[in-house]
Structures are given as C-alpha cells and as structure tokens.
DNA sequence: GATATCGTGTTTGAATTTGTTCATATTCCT
DNA sequence: AGGAATATGAACAAATTCAAACACGATATC
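Residue numbers (my numbering), protein chains in the order written: chain A, 2 to 277; chain B, 2 to 277.
Next comes the structure, spelled out in structure tokens:
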C-alpha cells in the first residue's frame, strides 16, 4: 500500500501526503463496505482533508450511484446489502447500461416464458442477470446458475438458488472449470437461458471461452433451450463458437433479425420471440 | 477519546462518537427484530442520545411502516414474526454493525497471520467477510470459500477465488450441502479462518447447522486452524456444536477471555491472539 | 512565460438535527 | 376512583452540518 509511516488512527488509514481523489474515493468505499456507513468528519480526519472535500467526494460518488448521502455522512447503496455487488465493475456495469432497454424487454419476455417451469438454468451475463431480477418473487422455483451476481441477487428472494462450484472469474464473477461442468452435467433443467455476444447464420458466439463450457452444458441438459440476444449482436462473431443454431429452441431478441439469420433460424426450427 | 468506557449496558453497545440517524434507525430495527419490542429510555441509553431524539426516530420509522409506536417505546410492525427467538440468526447487516470495531481488529490480525500462506480457506460470516477485505491486494493467493459475499468482494481483487458449489442459503448467502463438502474435502489448505457465534470451555458453537459441515471440513483439511471470535461471544452456546477446542490451533479475539476458557484453551494447546 | 483550469481550503449564512424545558396526556398503583 | 409517576409533544435554544462563493496554489495549455 502506502510507503508512508501512517501508523495513525483507523485500521488502514492512508494518511498524510498528497492523495489523489480516486484514492480517497477508494478509501471511502472501503470504509463503507466494511461498516455500512461513514461520517464526513471521520473520513476527513482519517484522510487529513477538509470536510468540504469529503462532501464533494460524496456528491460525486452518489452521482455514480455508489452510495447514498445523508446528513453527516453516507450509507451504503443498494439498500444496505453490502454485497459489494454494485461496485464499479467497469466492464459489467458498462455492458449493463449498453442497450439496457432492449435487454430489459428481453428479460421480461424470458421471465414470462419461464413461468411454466420449475427448474431454471441461468447463464452468466447482463441479460440473464436482468432475468434473475424477474424471478425474485417466484417461490418453489429452483434456479441453477454459475453467476455469483445472480446468486447474490436471488439470495434474498423467494427462489431457491444453486450455484456451481469452482474458480471465480475476475470481474464477470462467473464460476467455471471442470468441477462446475461436472456438477451441472449430472442435472436436468426444465429450461435454460443462455446469453450470447454474437449470432450469425453459422451459430452462436461468445467472447469468453471460460464461460462457454457451461453454456454448452446448459444447452445439453435442458428441455427448452433459450438464447437471449439483443439486436446489436446480429451478424457479429466473437472469440468462441458456442453452438449451432439447431441446438437452441427459442431465440428471444428485441428486433427482427436480418433476413439471412431469420432463414437460418427457420431452417433450424428455432422459434423467434421479438420482445415488445 | 474523551468519552466514557461505554462498555456497561447492553450486550452490544454501539455507542460512542457521532452517529448517523440511519445508524440509529438500523440499531432500533435490529433491537426490534431480536426482542419484538423496544423502550425509548433503553434505546436512548444504549445509543447515548436523548429520549426526544429516539422518539423522533420512532415517529419517522412508524411513518415508514417499519414499526408501531406504543407508550414508552415501539413494537414490531409485522407482528406475526419476531417472537424473541434466541436461536434465530440476525441479519447479516445487523451482525456486521454489531461489535464492528472489534471484528475489524480481529480481521486485521487474521490478515497478518495469513501473510505467509498461499491457500486460504475462508468461512462464512461477518468477521470472515472483513478478513476478505484485507486480502484484496494479495496476488498469487488462492482463497477458498463457501460465502457468496466473500466471492463477490474478492471477485474484483487480485486474489484468486474458488467457490464451493451447491445450494445457496438465503440471506447469509452461504453455499452448503453434500456437494460443497465433497468438493472441498478433496483439497488441502495452508490456513483456514472459521467464524463462530459462541465459545465455552466445551468447544465452539454456531447458529446455523447448515454451515457447520463446511466449518468442520475447513478444520479437518487445513494446516493451521484459526477461529475468529469477538468477546461478546464468550460463554455463549448456540444451536450447534462445531468442534472441540483441541481441534483449533489459534483463537483470535479482541479481549482476553474469562479465566475458565483461557484454562481450557491452554489445556487444548490453543494459541490466543488478542488483537490490539 | 502568461493564462486557463482544476482541485482544495476557508468563510459565511442557511438548513438540519439534537437537546432542554415545560405544559399536557397517559399509565400505574393503592 | 384518585393521585403519583412517567411519557409525550410543542416550542425554543444550541450545536452541527451543508452549500455557495471566493481565494489560493498547482498543473496544464497555448
């Protein structure tokens, strides 16, 4: 950490010396993560800056949605769940915002489609994460996933959650590896929802080869195989080929795909759901 | 600090210093959850504020529908639940606030102790969660856990995280079950940190029988077995007996335990670390 | 090298919160 | 019932906290 003497008050006080705003922000969020609330005066003393500076930091952090300001300090955002789930995560957050409305429509449609099923497999990804939010009130439903985010989100809901075990991928917070595959390959799901990063007439693609193994497990071990794919991903290939079009039963998207993809999907007997 | 020792009334006096209104609200609701009813004077003494302030808090909380005010205090809103169950486990957030400073000191000590080790097993719980925050910068370290919270927290850090697979327990977000046990029982950890909810000369105790299986795995499969236990848990038994004192190597706590526990620990050859 | 820009600290007055006092209302006890 | 004891709420005072405006220094830009 810091090579300054420190040795002050506080558990990990980065004191004295010039300090970049980002370091202060990190310190504030760190304190918030461990105690759920911070006080302006306390932070100011610990970081050796004026109250006003701390307040300006808090304003900025609040605008970014990382905390909620109150009189005298701030409390943790996202309720006070302290799951550190909604923290920066540049990639995931950025992707979540991108095409958000389309993804939300797709997620709602997916939730409707899942109504009749009791064991649901949920892949990793932003769209599937939004699907999870729709399943919160669903009692007597078992959700199987390899996404730590989905597990954390549904961990406070009615649904029963089963998480695959194994190595946790950084940032994406997905679980992968042979162990996870073996664990889920023994099961059978009524329906699965698989996220994608690209679709062409040649099949389905994703950028992370670490997550592909489990996508294939979901597709192999489910009664109804549903792919979720917003319109920005049409005609895009990515790093890894996940599956052929014939390997899915339903594609949920937000706009009609180009005609060649439609033709290929028809040939593969895939239902196309365009979310309203 | 220029205040009283404060450690007189209440099992967990979260007093001292300034306090955000939100923290008071949380404390009130927490007390309400565990005992079903609260008294104005009691809360005021415990939080070191005037009665009037407590009343204003209660007015606010009543308007929000979180409780029902009575003469002299308030009772729980959703009357049905909250029957003063002592074996009931309070919410994660409530436990995180309770004895927070002590837990943070324990966590820092645990982090220091873990320095020399490369594969670390981290149990579920608030104290172990705080330990995780100290491991964020630790590269080339593998952390094994059954806590979704720990995995989410460390998922954006330098450390490598391995999560056990299985059923996710509601609220606590811990993974449990035969699958998880089998998965970790094949491994060997350099050091493990196990959280507790009680310790007596007869051994270690915990609220949740669902989490005990994995605690025992950690203790069975680790080179150095470390228990984390703040001083409010001395002489307290809980639902489940986790292990004998002889089954751990180190106990980290925040204050010297009562003499009979010390004697029993000495007999069991357990190192006692009192975090400064 | 001069100027603009950004971040920070200080001052000031306003807004919010908290503590205190004192009538009034409620509960408890005999 | 009556009356003592206590809780309550309104009003006010004191203490904090907030935010806008300005000043200062450092860095960036031309």
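Every residue, glycine too, gets a C-beta built ideally from N, C-alpha and C. Keep in mind it's a predicted model, so treat the numbers as computed, not measured.
As a quick exercise: from A/200, A/203, A/202 and A/196, pick the residue whose alpha carbon is nearest that of residue 214 of chain A.
Taking the first residue of the first chain as position 1, residue 214 of chain A is located at position 213. The shortest C-alpha separation from residue 214 of chain A is found at A/196.
If the cut is a Cβ gap below 8 Å, which residues of chain B does residue 167 of chain A touch?
Counted from its first residue, the first chain places residue 167 of chain A at position 166. Within chain B, the residues near residue 167 of chain A are 163, 164 and 166.
At what residues does the beta strand (DSSP E) containing residue 285 of chain B begin and finish?
Because chain B here runs from 2 to 277, residue 285 of chain B falls outside it and cannot be looked at.
Close-in-space but distant-in-sequence residues of the same chain around residue 135 of chain B (CB under 7 Å, 5 per side omitted):
The count along the second chain starts at 1 and reaches residue 135 of chain B at position 134. 108, 109 and 112.
Let me make sure I understand the geometry here. Which of B/262, B/227 and B/205 has the alpha-carbon closest to that of residue 241 of chain B?
Taking the first residue of the second chain as position 1, residue 241 of chain B is located at position 240. Taking only the C-alpha atoms, the option nearest residue 241 of chain B is B/205.
Bridge partners for residue 163 of chain A per DSSP, in chain order?
The sequence position of residue 163 of chain A within the first chain is 162, counting from 1. Bridge partners of residue 163 of chain A: A/145 and B/168.
List the residues of chain A whose Cβ lies closer than 7 Å to the Cβ of residue 184 of chain B, in chain order.
Here residue 184 of chain B refers to the residue found at position 183 of the second chain. Within 7 Å Cβ-Cβ: 166 and 180.
Residue 235 of chain B bridges to which residues according to DSSP?
Counting from 1 along the second chain, the entry for residue 235 of chain B is found at position 234. Partner(s): B/200.
Classify residue 71 of chain A as helix, strand or coil using the three-state DSSP reduction.
Taking the first residue of the first chain as position 1, residue 71 of chain A is located at position 70. Three-state DSSP puts residue 71 of chain A in a strand.
Residues of chain A with CB closer than 7 Å to the CB of residue 124 of chain B, please, in chain order.
Looking up residue 124 of chain B in the second chain gives position 123. Residues of chain A passing the Cβ test: none, with the nearest at roughly 16 Å.
Taking 7 Å as the CB-CB limit, is residue 152 of chain B close to chain A?
Start at 1 with the first residue of the second chain, and residue 152 of chain B comes out as number 151. It does; some Cβ of chain A falls within 7 Å.
Please report how far the alpha carbon of residue 211 of chain B lies from the alpha carbon of residue 165 of chain A, in whole angstroms.
Position 210 of the second chain, counted from the start, is the residue given in the question as residue 211 of chain B. Position 164 of the first chain, counted from the start, is the residue given in the question as residue 165 of chain A. Rounded to the nearest angstrom, the two C-alpha atoms are 18 Å apart.
Just to confirm my understanding: we take residue 245 of chain A, look at its own chain, exclude 5 residues before and 5 after, and list those with CB closer than 6 Å. What are they?
Indexing the first chain from 1 puts residue 245 of chain A at position 244. For residue 245 of chain A, where only same-chain residues beyond five positions count, the Cβ hits under 6 Å are 204.
Between residue 247 of chain A and chain B, is there a C-beta pair that is closer than 7 Å?
Taking the first chain and counting its residues from 1, one reaches residue 247 of chain A at position 246. No, residue 247 of chain A does not count as interfacial toward chain B.
Give me the chain B residues within the contact set of residue 40 of chain A, using Cβ-Cβ distance strictly less than 7 Å, ordered along the chain.
For the purposes of this step, residue 40 of chain A is taken as residue 39 along the first chain, with counting starting at 1. Neighbours of residue 40 of chain A on chain B, chain order: 19 and 21.
Does residue 131 of chain B have its Cβ less than 7 Å from a Cβ in chain A?
Your numbering for residue 131 of chain B matches position 130 in the second chain. With 7 Å as the cut-off, residue 131 of chain B counts as an interface residue toward chain A.
Would you call the CB atoms of residue 23 of chain B and residue 76 of chain A closer than 7 Å?
Locating residue 23 of chain B in the second chain gives position 22, where the first residue counts as 1. Locating residue 76 of chain A in the first chain gives position 75, where the first residue counts as 1. Yes.
Give me the Cα-Cα distance between residue 150 of chain B and residue 238 of chain B, rounded to the nearest whole angstrom.
On the second chain, residue 150 of chain B is found 149 positions in, with the first residue counted as 1. On the second chain, residue 238 of chain B is found 237 positions in, with the first residue counted as 1. Rounded to whole angstroms, residue 150 of chain B to residue 238 of chain B spans 26 Å at the Cα level.
With a threshold of 7 Å between beta carbons, is residue 223 of chain A in contact with chain B?
Position 222 of the first chain, counting from 1, holds the residue named residue 223 of chain A. Interface criterion not met: the Cβ of residue 223 of chain A is under 7 Å from no Cβ in chain B.
Could you pull the start and end residues of the alpha helix (DSSP H) that residue 29 of chain A belongs to?
If you number the first chain from 1, residue 29 of chain A lands on position 28. That run of the alpha helix (DSSP H) goes 22-36.
Residue 209 of chain A: contacting residues in chain B (beta-carbon distance under 9 Å):
Locating residue 209 of chain A in the first chain gives position 208, where the first residue counts as 1. What residue 209 of chain A touches in chain B: nothing, since even the nearest Cβ is about 14 Å away.
Residues bridged to residue 194 of chain A by DSSP?
Numbered from 1 along the first chain, position 193 holds the residue referred to as residue 194 of chain A. Under DSSP, the beta-bridge partners assigned to residue 194 of chain A are A/123 and A/227.
If contacts are defined as beta-carbon pairs under 8 Å, then residue 177 of chain B and residue 167 of chain B qualify, I think. What distance do you get, rounded to the angstrom?
Along the second chain, read from residue 1 onward, the residue named residue 177 of chain B stands at position 176. Along the second chain, read from residue 1 onward, the residue named residue 167 of chain B stands at position 166. Residue 177 of chain B to residue 167 of chain B, Cβ: 6 Å. Contact.
Once DSSP output is grouped into helix, strand and coil, what is the label at residue 268 of chain A?
Sequence index remark: in the first chain, residue 268 of chain A carries index 267 (1-based). The answer is helix: DSSP assigns residue 268 of chain A an H, G or I state.
Spatial neighbours of residue 45 of chain A within its chain, please: C-beta separation below 8 Å, excluding the five flanking residues on both sides.
Mapped onto the first chain, residue 45 of chain A falls at position 44. Counting only Cβ-Cβ distances below 8 Å, and skipping sequence neighbours, we find 51, 52, 54 and 55.
Members of the region 33-64 of chain A near chain B, C-beta cut-off 9 Å
34, 35, 36, 37, 38, 39, 40, 42 and 43
Residue 175 of chain A - DSSP class collapsed to helix/strand/coil
Locating residue 175 of chain A in the first chain gives position 174, counting from the first residue. Residue 175 of chain A falls in the strand class under three-state DSSP.
For residue 157 of chain B, the three-state DSSP class (helix, strand or coil)
Locating residue 157 of chain B in the second chain gives position 156, where the first residue counts as 1. Correct three-state label for residue 157 of chain B: coil.
Taking all protein chains shown into account, do 16 or more other C-beta atoms lie within 10 angstroms of the C-beta of residue 180 of chain A, making it buried, or fewer, making it exposed?
Residue numbering aside, residue 180 of chain A sits at position 179 when the first chain is read from its first letter. Buried, because 16 or more other Cβ atoms sit within 10 Å of the Cβ of residue 180 of chain A.
Counting only the same chain and skipping the five closest in sequence on each side, list residues whose C-beta sits under 6 Å from that of residue 265 of chain A.
Mapped onto the first chain, residue 265 of chain A falls at position 264. For residue 265 of chain A, where only same-chain residues beyond five positions count, the Cβ hits under 6 Å are 202 and 246.
Helix or strand or just coil, what does DSSP make of residue 50 of chain A?
Taking the first chain and counting its residues from 1, one reaches residue 50 of chain A at position 49. Three-state result, residue 50 of chain A: coil.
Alpha carbon of residue 125 of chain B to alpha carbon of residue 132 of chain B, nearest angstrom:
Locating residue 125 of chain B in the second chain gives position 124, where the first residue counts as 1. Locating residue 132 of chain B in the second chain gives position 131, where the first residue counts as 1. About 11 Å.
Nearest to residue 1 of chain B by CA position, among B/198, B/138 and B/71, is which residue?
This structure does not reach residue 1 of chain B, given that chain B is present from 2 up to 277, and the question cannot be answered.
Please compile the residues from chain A whose C-beta is within a distance smaller than 7 Å of the C-beta of residue 24 of chain B.
As a first step, residue 24 of chain B is located in the second chain; it is residue number 23 there, counting from the start. Those within 7 Å of residue 24 of chain B in chain A are 38.
Residues of chain B with CB under 9 Å from residue 113 of chain A, in chain order?
Numbered from 1 along the first chain, position 112 holds the residue referred to as residue 113 of chain A. The contacting residues do not exist; residue 113 of chain A stays about 25 Å from chain B at best.
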